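Note sheet for the following structure.
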Amino acid sequence: MSHCSRLGLVGLILVPWIVVPSGGCGGNSLPASCTLTTTPLEGNALTLMSDARMDLVGAGFVLLGTDGANVLWETIDVIGTAGPLLTVALPTHTDGPWFGVVGTAASPGSQVVVVYAANPAGGMASLMSFAVGIDGTAPTAPAAIGMIPDRGSMTAQLLVSAGSGQAGQHAGLMWAIKGTSTVSAKVLGPNGTQVGADVTLGSVDDIDCPRFAPGQEDLTATYVKTAGTPPVQTLVAREFKADGSPDTTLNLGLADWSADEAMGCVAIAPAMPGYGLAWRANTGSFSGDYFTVFDPTTGGAYLPAQILSDERVAGGIAPPIVGVAKAGKRYILLLARTSGGEAREVDFQGHQVAQTLTFPSAQGNTGTFTSQPLGNSLFASYADYSSTVSTDHTAGSRLFAQVSCN
Numbered sequence: 139m140s141h142c143s144r145l146g147l148v149g150l151i152l153v154p155w156i157v158v159p160s161g162g163c164g165g166n167s168l169p170a171s172c173t174l175t176t177t178p179l180e181g182n183a184l185t186l187m188s189d190a191r192m193d194l195v196g197a198g199f200v201l202l203g204t205d206g207a208n209v210l211w212e213t214i215d216v217i218g219t220a221g222p223l224l225t226v227a228l229p230t231h232t233d234g235p236w237f238g239v240v241g242t243a244a245s246p247g248s249q250v251v252v253v254y255a256a257n258p259a260g261g262m263a264s265l266m267s268f269a270v271g272i273d274g275t276a277p278t279a280p281a282a283i284g285m286i287p288d289r290g291s292m293t294a295q296l297l298v299s300a301g302s303g304q305a306g307q308h309a310g311l312m313w314a315i316k317g318t319s320t321v322s323a324k325v326l327g328p329n330g331t332q333v334g335a336d337v338t339l340g341s342v343d344d345i346d347c348p349r350f351a352p353g354q355e356d357l358t359a360t361y362v363k364t365a366g367t368p369p370v371q372t373l374v375a376r377e378f379k380a381d382g383s384p385d386t387t388l389n390l391g392l393a394d395w396s397a398d399e400a401m402g403c404v405a406i407a408p409a410m411p412g413y414g415l416a417w418r419a420n421t422g423s424f425s426g427d428y429f430t431v432f433d434p435t436t437g438g439a440y441l442p443a444q445i446l447s448d449e450r451v452a453g454g455i456a457p458p459i460v461g462v463a464k465a466g467k468r469y470i471l472l473l474a475r476t477s478g479g480e481a482r483e484v485d486f487q488g489h490q491v492a493q494t495l496t497f498p499s500a501q502g503n504t505g506t507f508t509s510q511p512l513g514n515s516l517f518a519s520y521a522d523y524s525s526t527v528s529t530d531h532t533a534g535s536r537l538f539a540q541v542s543c544n
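Numbering (our numbering), first residue to last: 139 to 544.
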């Protein structure tokens, strides 16, 4: 049996599986220098969520999600061993919840912090938070930590994002209104208390994809702002230190490569002293995926490389790059296809240097990919459903994957 055929069976077994691609799987003659290891996680109310989020916390991961009435989580170590499924019920709320993992220097990653909106009045709502032990121990009493626009009274779209700090001590919350807006953020610590004052991340004419991403320090708040005619896109990345205080801000113009199309999300990974970045673009003459390395020590110059054009893929739309990890002097890119995903190793100029790895799926029916860089590997997780019906998410498993390259 070829490696290509074996990939389709991985989601059906309950042991880790390592794939080293052959020439036929990669569709090219590049070396098979990368491996993909996948471990199925038992299907449950959390692991089968299409949009569950995997955060990097210390030397491991926490998978988090919500069904609207509860927040659910389980820990995952670097070899794919999952802890027990734990839940906490939500108080009455009008928006949210948003969540992350917090702790202390002595006990990092020891709590899940939950934030939600309640008691709307006059176009605003109270922002409430509480924390519960990562092992499910009793939650703290909810406490007010400020105000947030009331989604229910708005005609514009409210964008809210949360994420965990890499050191396991702080979580971040950021929000903005789609269109002209101020981007605001809070840093939360143990028991859901706020660390420092609110932080203004900038003013925008329009905003897309606010989220917390892997970066140089503990928390990295990122978003894409659009301004001008024709529209010009800029990636903004604000770093937060290990003590929760704000640090440097990156403003990286993407106009020369994306002025004809709203660019959307940027996949980002730390690459000391800069970042590896990937995004979709449409210049009028080229539509597809770009990758670049930004190094501030070289004067801030960067040259995006074309990774994959729309014209070269079935259906005419290149899959977006949703994850980046640095692997030595090279980078691993995670591309999300409608029926799964694939990983490619590229050099700093975006040239593919190893065969493509295809992520396994039982039926080609998968959820959203969530990924994190750690060490020289890219770790990812996604729900893999047992039904051939794309909207049927009732049964299956979740795969925990590690891509490593020589």
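A virtual CB, placed ideally from N, CA and C, is assigned to each residue, including glycine. Given the structure is predicted, the values throughout are model-derived calculations rather than measurements.
Asked	Found
According to DSSP, what are the bridge partners of Ser299?	Met312
Only counting the same chain, and skipping five residues up and downstream in sequence, which positions put a Cβ closer than 6 Å to that of Ser524?	Ala500, Ala533, Gly534
Helix or strand or just coil, what does DSSP make of Asn389?	strand
According to the Cβ coordinates, are Ala456 and Pro511 closer than 8 Å?	no
Give me whichever residues DSSP pairs with Ile459 in a beta bridge.	Leu473
Hey, would you say Val342 sits closer than 8 Å to Ser319, going by beta carbons?	yes
How many Å lie between Ala409 and Leu228 at the Cα?	38 Å
Helix, strand or coil, according to DSSP, for Ala243 in the structure here?	coil
Return the CA-CA distance between Val298 and Ala276, expressed in angstroms with no decimal places.	27 Å
Just the Cα atoms here: how many angstroms apart are Thr293 and Thr360?	24 Å
So which of Glu212, Val216, Gly366, Gly234 has the shortest CA-CA distance to Thr225?	Glu212
What is the rounded straight-line gap between the Cα of Thr186 and the Cα of Asp522?	Correcting the residue identity first, residue 186 is Leu in this sequence and not Thr. Roughly 8 Å between the two C-alpha positions.
Along the beta strand (DSSP E) that carries Gln487, what are the first and last residues, could you check?	Neither: Gln487 is in no beta strand (DSSP E) and is coded neither H nor E.
Closest to Gly366 by CA distance: which of Gln295, Gly317, Val209 is it?	Gly317
Under the DSSP definition of a beta bridge, which residues are partnered with Leu91?	Missing from the structure shown is residue 91; the chain here goes from 139 to 544 and no further.
Can you have a look at Glu377 and say buried or exposed, based on whether 16 or more other CB atoms are within 10 angstroms of its CB?	buried
CA-CA distance, Leu415 and Leu168?	23 Å
Does the beta carbon of Gly310 come closer than 8 Å to any beta carbon on chain C?	In the structure shown, chain C cannot be found, because there is only a single protein chain.
Do Phe237 and Ile214 come within 8 Å of each other at the CB atom, strictly closer than that value?	no
Roughly how many angstroms lie between the CA atoms of Ala282 and Gly327, to the nearest whole one?	14 Å
For the beta strand (DSSP E) containing Ile406, list its first residue and its last residue.	405 to 409
Going by DSSP in three states, Gly330 sits in which element: helix, strand or coil?	helix
In chain order, what residues of the same chain have a beta carbon less than 6 Å from the beta carbon of Tyr440, not counting five sequence neighbours either side?	Thr430, Phe432
Quick check: what's the CA-CA separation for Thr436 versus Ala190?	38 Å
Would you say Gly513 and Phe497 are within 8 Å of each other, going by their C-beta atoms?	no
Tell me whether Lys467 is buried or exposed, calling it buried when 16 or more other Cβ atoms sit within 10 Å of its Cβ.	exposed
Assuming Leu516 and Val541 make a contact with CB atoms under 8 Å, what is their CB distance in whole Å?	5 Å
In this structure, does DSSP put Glu449 in helix, strand or coil?	helix
Would you check if the distance between the CB atom of Ala545 and the CB atom of Gly284 is smaller than 8 Å?	There is no way to answer for residue 545, as the model of the chain reaches only from 139 to 544.
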